[in-house]
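A.B. asks:
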Amino acid sequence: MSTHADTHAHDDDHGHHHKETFVTKYIFSQDHKMIAKQYLVTGTIMGVIGVLMSIMFRMQIAWPEEPNILFEALLGKWAPGGVMDADIYLALVTIHGTIMVFFVLTAGLSGTFSNLLIPLQIGARDMASGFLNMISYWLFFLSSVIMVISLFVEAGPAAAGWTIYPPLSALPMAQGGSGMGMTLWLVSMAIFIASSLLGSLNYVVTVINLRTKGMSMTRLPLTIWAFFVTAIIGIVSFPVLLSAALLLIMDRSFGTSFFLSDIFIQGEVLHYQGGSPVLFEHLFWFLGHPEVYIVILPAMGLVSEIMATNSRKPIFGYRAMIASILAIAFLSTIVWGHHMFVSGMNPFLGSVFTFTTLLIAIPSAVKAFNWITTIWKGNIQMNPAMLFSIGFVSTFITGGLTGIILGDSALDINVHDTYFVIAHFHLVMGISALYGMFAGIYHWYPKMFGRMLNKKLGYIHFWVTAVCAYGVFFPMHFIGMAGLPRRYYTNSNFPLFDDLANVNVVITIFAIIGGIFQLVYLYNFFASMFYGKKAEQNPWKSTTLEWTTPVKHLHGNWPGAIPHVYRWSYDYSKPGHDVDFVPQNVPLMEGEEELHH
Amino acid sequence: MTAFLTIIIVLFIAIAIWQMVKIFDLAQVGVSDNQVANENDNKVNAYLMIGFLIFIYVITIVCFVLWGDLPLMSNSASEHGPEIDNLMIISMIIIFIVQTITQFLLHYFAYKYRGEKGKKALYFADNNTLEAIWTIIPVIVLAGLIIYGLFTWTSIMNVNEDDDPLVLELYAQQFNWKARYGGNDNTLGKANVRLINLDNANILGLDEADPNAQDDIITTELHLPVGKPVLIKMRSQDVLHSAYMPHFRAQMNCVPGMITQFGFTPTVTTAEMRQTPEMIEKVANINEIRKEKSKELAAKGEAALDPYEFDYILLCNKICGKSHYNMQMKIIVETQEEFDAWMAEQKEFKDSLIK
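As you go down the protein sequences, you meet chains A and B in turn.
Counting with UniProt numbering, you get residues 1 to 597 for the letters of the first sequence.
Counting with UniProt numbering, you get residues 1 to 355 for the letters of the second sequence.
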């Protein structure tokens, strides 16, 4: 705290910093902008691994048990003769889920943009604690490394599904991946949670304490509101997963019986007595459900901001947007049981969770309608970031709507754990959050790297991804309704599902094409760092404070004094002004009234 | 082989994209280097938005036409099945309407209000009436769905013991299912996995001293008499499993250390279900697919696939380990007479033990 607490007092002498070495600038940096980039690059690498895994298991589903040189090359002993092993199939599914949910869409998304934008948009020199911020990143890095190392364990990586329900995850004799692979998974996640908590605490403290003069809570861009509330949800729910992980470690290694009871496996009765796997499910989903909002809220914040900027219009219903973020955050902590309707818990609880779950559709609907109204009568600039934002709203609606089926306990009985669920959550939180992340990257790339991303490549990237996303996940609803369970290595033992085989081939082809076209993005991302067009200071003509900082990064963000704020962040196309945007640091004209204050 | 070809094609596409990307890049040197959308970009992408809207509608229609009858939507075989199906259909209709309208608005607005030089957007930041409308409408719709859903749920989950249901046990283990019937007394004997004794073939851990257990009957197929309520008690000996019986709209997890339950009444016998026109069509279609596949297999010198005949199935639907994908049991719904005859052939527990 101490190094930065005084930054407000001595605004002016902060521009000249003591000379930085390579190590302090690029590796153990305490500058929030560099840390954001570190998160982004690490998240991208993990994302590549996660997507590659999904393509591999999609190939297995489409062409079950056929030799495949990709498997032979990448899976080694797990694909003798190029035929994928059933154990590694489950491991791929498990690690894909873990990596995408936690390492890409939590750390990669929230870590990148919370770090980048919170100080810049609220007008602060840096995070409240640059040191904790650095630790947070390096813990994340460490947990990523451990997760990747776990892929090379002799008996295989964790393979009990990303929800790691015991007893499967607790007993090495139940599954190869539940040995050293699961141990590393748990250690990696424990470190990840520590990282996430340090990050979240920092975000909350920074937003509360370090806003520049005039930046009241109701003048904050919605990005900051989203990051702020996300951090609070993280602080509330991640420790519960940590406790679950620790208890599971105790059960696994020290003979306790928190989650295990009455088990007979491989010819012997185990000593466990009195525990309950259902308890683990409760603990897991107490994080697990808020987690999907930890993933989606930052994306919503980014999309709100980008939609307003590119529509050249204020976001519609600013206060309703904040209220719905808060409502979603609150409800997200009391709906976890909808993952457990058929877990054996009391059916009365099922009723309660159905009620709370369907309530969450209301703030979600408000948000969707507000976004649509935001672009109504706009002057829409079709930048790649805007396309991804529109795509976000589209997939969020498509995926969100099927939530009213899954959230309804009576209907969940028949589609629980089928492909219907996969279709639902991939659209509503997977693809949507990824779109939000892409939108953010296309929009703030100039801020991060001082150069522009190539827009034509951006267009190709978006349109192919958009078509493929629907091509992959839309048909999945139908095979789910036909009763096809998820996490099946092959469906060939069920002639009943033979007529679904061709659907699975279609899905896989879309997945492969979609996966390949991410190379366009990767190329754009890395090549533009060096060869991209040099960015102007405010390329999108935006109102928020980050665009008042110089293109070349300074540790401390503004060369001179921190700008003061006089208006909310959405004065686009305001009548009475010549330009169609009025930055937040421009004082009100004489007689001009501020909306909302 | 297909997979191999796919990979080759995929690789070629990847290389082609890489090359295209490079050409794009080179072509842009010297040309307008502005990476912010211009009027032309706005126009092209606006039209693509309409194209995409059409794509969403088309993929929806295609999915419904091609695969809309795959779902087990109309052939439920339990008493509560139609209740779930009705609720499902109502929910689907609501979703369909909302989806069609909102996607239209989103993409149409994106097209209509594309950026043009000299145009100024409307400064429209707030409208309480609008906000109220789209808060209240979802509230009403959801209230209806919640109430309907809760009634359905409660009526399904409430097991009425007065109906004198057939009580039986489903027993899950990696990677198969067993069923246990109460025998003549219709009462399941006490059991715990700690009592399992493989030496005398007490594989489900029944209490050998319990009089109720003596006449219990353990089977590897699940037979159910049609029209009689059945209450299934579930146990698992090792990890979580889930007993998923899609045709009966029934599912419940099997949890080590506790007994879970699900009750329903089968209404259509296996024989009747095989004779329904939908099922005849579905089975014919599947057999056509299997015939094609068999030809491929024959070319490779492998055995042909057996023709398919419909049976109800019970699947494991909670990840449970390596052979999760093949943990199934046949369910046979039959008349009471057939059921009784089958039951009479089975060995009682006390006779099944190895002395």
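Just so you know, even glycine gets a beta-carbon here, dropped at the ideal spot from N, CA and C.
1) Does DSSP put residue 558 (chain A) in a helix, in a strand, or in coil?
2) Interface residues of chain B around residue 304 (chain A) at Cβ under 8 Å?
3) Exposed or buried, residue 644 (chain A), counting other C-beta atoms within 10 Å across all chains shown (16 or more means buried)?
4) Under three-state DSSP, which class holds residue 230 (chain B)?
5) So, with DSSP's three-state summary, where would you put residue 225 (chain B)?
6) CB residue 52 (chain A) to CB residue 437 (chain A), shorter than 8 Å?
7) Looking at chain A, is there any beta carbon in it that lies within less than 8 Å of the beta carbon of residue 190 (chain B)?
8) What are the partner residues of residue 241 (chain B), as DSSP defines its beta bridges?
9) Please determine if the segment 267-275 of chain A and the segment 214-230 of chain A are in contact, where contact requires at least 3 C-beta pairs separated by less than 8 Å.
10) Taking all protein chains shown into account, do 16 or more other C-beta atoms lie within 10 angstroms of the C-beta of residue 393 (chain A), making it buried, or fewer, making it exposed?
11) Which residue spans inside the segment 275-353 of chain A form an unbroken beta strand (DSSP E) run of at least 3?
12) Quick check on DSSP: helix, strand or coil for residue 65 (chain A)?
13) Of all Cβ atoms in chain A, is any one closer than 8 Å to the Cβ of residue 267 (chain B)?
14) Taking 8 Å as the cut-off, does the segment 578-592 of chain A touch the segment 539-554 of chain A (at least 3 CB pairs, one atom from each stretch)?
15) In this structure, how does DSSP classify residue 328 (chain B) when only helix, strand and coil are distinguished?
16) Is there contact here, the segment 380-388 of chain A with the segment 336-352 of chain A, by at least three beta-carbon pairs under 8 Å?
17) How would you label residue 347 (chain B), buried or exposed, when you count the other beta carbons within 10 angstroms and need 16 or more for buried?
18) Return yes when the Cβ of residue 511 (chain A) is within less than 8 Å of the Cβ of residue 55 (chain A), no when it is not.
19) According to DSSP, simplified to helix, strand and coil, what is residue 570 (chain A)?
20) Can the beta-carbon of residue 445 (chain A) be found less than 8 Å from the beta-carbon of residue 277 (chain A)?
21) Could you confirm whether any beta carbon from chain A is found closer than 8 Å to the beta carbon of residue 30 (chain B)?
22) Within this structure, are the beta carbons of residue 528 (chain A) and residue 585 (chain A) separated by less than 8 Å?
23) Using beta carbons (cut-off 8 Å, strictly below), is residue 78 (chain B) in contact with chain A?
24) Spatial neighbours of residue 189 (chain A) within its chain, please: C-beta separation below 6 Å, excluding the five flanking residues on both sides.
25) Confirm, please, whether the CB-CB distance from residue 169 (chain A) to residue 598 (chain A) is below 8 Å.
26) Keeping to the same chain, check which residues put their C-beta closer than 8 Å to that of residue 343 (chain B); ignore five residues upstream and five downstream.
27) So, does the CB of residue 177 (chain B) fall closer than 8 Å to a CB anywhere in chain A?
28) Taking Cβ to Cβ, would you say residue 95 (chain B) is nearer than 8 Å to residue 402 (chain A)?
29) With respect to the beta strand (DSSP E) encompassing residue 177 (chain B), which residues constitute its N-terminal and C-terminal limits?
30) Would you say the segment 179-199 of chain A touches the segment 231-251 of chain A, given that touching needs at least three Cβ pairs under 8 Å?
31) Would residue 58 (chain B) and residue 226 (chain B) qualify as a contact pair, given that the criterion is a beta-carbon distance under 8 Å?
32) Can you confirm whether residue 124 (chain B), when its beta carbon is compared against all beta carbons of chain A, has any partner nearer than 8 Å?
33) Determine which residues of the segment 519-537 of chain A have a Cβ less than 7 Å from any Cβ of chain B, and write them out in chain order.
34) Do you know offhand how far residue 290 (chain B)'s Cα is from residue 516 (chain A)'s?
35) Excluding five sequence neighbours on each side, which residues of the same chain lie with their C-beta closer than 7 Å to the C-beta of residue 173 (chain A)?
36) At the level of alpha carbons, what is the spacing between residue 552 (chain A) and residue 117 (chain A)?
C.D. replies: Let me lay it out:
1) Against the first sequence, residue 558 (chain A) aligns to sequence position 558. In this structure, residue 558 (chain A) counts as coil in the three-state DSSP scheme.
2) The residue labelled residue 304 (chain A) in the question sits at position 304 within the first sequence. Within chain B, no residue comes near residue 304 (chain A); the closest Cβ sits about 13 Å away, beyond 8 Å.
3) As shown, chain A starts at 1 and ends at 597. That puts residue 644 (chain A) outside it, with no answer to give.
4) Here residue 230 (chain B) is taken as the residue at index 230 of the second sequence, counted from 1. It is a strand residue.
5) Locating residue 225 (chain B) in the second sequence gives position 225, where the first residue counts as 1. Correct three-state label for residue 225 (chain B): strand.
6) Counting from 1 along the first sequence, the entry for residue 52 (chain A) is found at position 52. Counting from 1 along the first sequence, the entry for residue 437 (chain A) is found at position 437. No. Outside cutoff.
7) Looking up residue 190 (chain B) in the second sequence gives position 190. No, because no Cβ of chain A sits closer than 8 Å to the Cβ of residue 190 (chain B).
8) In the second sequence, the residue the question calls residue 241 (chain B) occupies position 241. Answer is B:254, bridged to residue 241 (chain B).
9) no
10) On the first sequence, position 393 is the one that residue 393 (chain A) refers to. Counting Cβ neighbours within 10 Å, residue 393 (chain A) comes out buried, since at least 16 surround it.
11) none
12) Looking up residue 65 (chain A) in the first sequence gives position 65. If DSSP states are grouped into helix, strand and coil, residue 65 (chain A) belongs with coil.
13) Sequence index remark: in the second sequence, residue 267 (chain B) carries index 267 (1-based). Chain A contact via Cβ: absent.
14) yes
15) To locate residue 328 (chain B), count along the second sequence from 1; it is residue 328. In the structure shown, residue 328 (chain B) sits in a strand (DSSP, three-state: E or B).
16) no
17) Indexing the second sequence from 1 puts residue 347 (chain B) at position 347. It is exposed - the Cβ of residue 347 (chain B) has fewer than 16 other Cβ atoms within 10 Å.
18) In the first sequence, counting from the first residue as 1, residue 55 (chain A) sits at position 55. In the first sequence, counting from the first residue as 1, residue 511 (chain A) sits at position 511. It is a contact, given that the beta carbons lie within the stated cut-off.
19) Position 570 of the first sequence, counted from the start, is the residue given in the question as residue 570 (chain A). Coil, per DSSP.
20) As a position in the first sequence, residue 445 (chain A) is number 445, starting the count at 1. As a position in the first sequence, residue 277 (chain A) is number 277, starting the count at 1. Result no, Cβ atoms of residue 445 (chain A) and residue 277 (chain A) do not sit closer than 8 Å.
21) The residue you call residue 30 (chain B) lines up with position 30 of the second sequence. Interpretation of residue 30 (chain B) is limited by its pLDDT of 48, a score under 50 that renders its predicted location unreliable; no figure is taken from the coordinates.
22) Start at 1 with the first residue of the first sequence, and residue 528 (chain A) comes out as number 528. Start at 1 with the first residue of the first sequence, and residue 585 (chain A) comes out as number 585. No, the pair does not count as a contact, with Cβ atoms beyond the cut-off.
23) As a position in the second sequence, residue 78 (chain B) is number 78, starting the count at 1. It does not: the Cβ of residue 78 (chain B) has no partner Cβ on chain A nearer than 8 Å.
24) On the first sequence, position 189 is the one that residue 189 (chain A) refers to. These residues qualify, in order along the chain: 245.
25) What the structure shows of chain A is the stretch from 1 to 597, and residue 598 (chain A) is not part of that stretch, so it cannot be assessed.
26) Here the question's residue 343 (chain B) lines up with position 343 in the second sequence. Taken in chain order, the residues that qualify are 181, 217, 223.
27) Here residue 177 (chain B) is taken as the residue at index 177 of the second sequence, counted from 1. Taking Cβ atoms only, chain A never reaches closer than 8 Å to residue 177 (chain B), which makes this a no.
28) Walking along the second sequence from the start, residue 95 (chain B) turns up at place 95. Walking along the first sequence from the start, residue 402 (chain A) turns up at place 402. Yes, the pair counts as a contact, with Cβ atoms nearer than the cut-off.
29) Position 177 of the second sequence, counted from the start, is the residue given in the question as residue 177 (chain B). Start and end: 176-181.
30) yes
31) Translated into the one-based positions of the second sequence, residue 58 (chain B) becomes position 58. Translated into the one-based positions of the second sequence, residue 226 (chain B) becomes position 226. Not closer than 8 Å, so no.
32) In the second sequence, counting from the first residue as 1, residue 124 (chain B) sits at position 124. So yes, residue 124 (chain B) belongs to the interface.
33) 519, 520, 523, 533
34) Counting from one through the second sequence, the residue named residue 290 (chain B) turns up at place 290. Counting from one through the first sequence, the residue named residue 516 (chain A) turns up at place 516. Near 32 Å, if we compare the C-alpha coordinates of residue 516 (chain A) and residue 290 (chain B).
35) Within the first sequence, the letter at position 173 stands for residue 173 (chain A). Within the same chain, residue 173 (chain A) has close Cβ partners 265, 266.
36) Here residue 552 (chain A) corresponds to residue number 552 of the first sequence, with the count starting at 1. Here residue 117 (chain A) corresponds to residue number 117 of the first sequence, with the count starting at 1. In a straight line, the C-alpha of residue 552 (chain A) is about 16 Å away from that of residue 117 (chain A).
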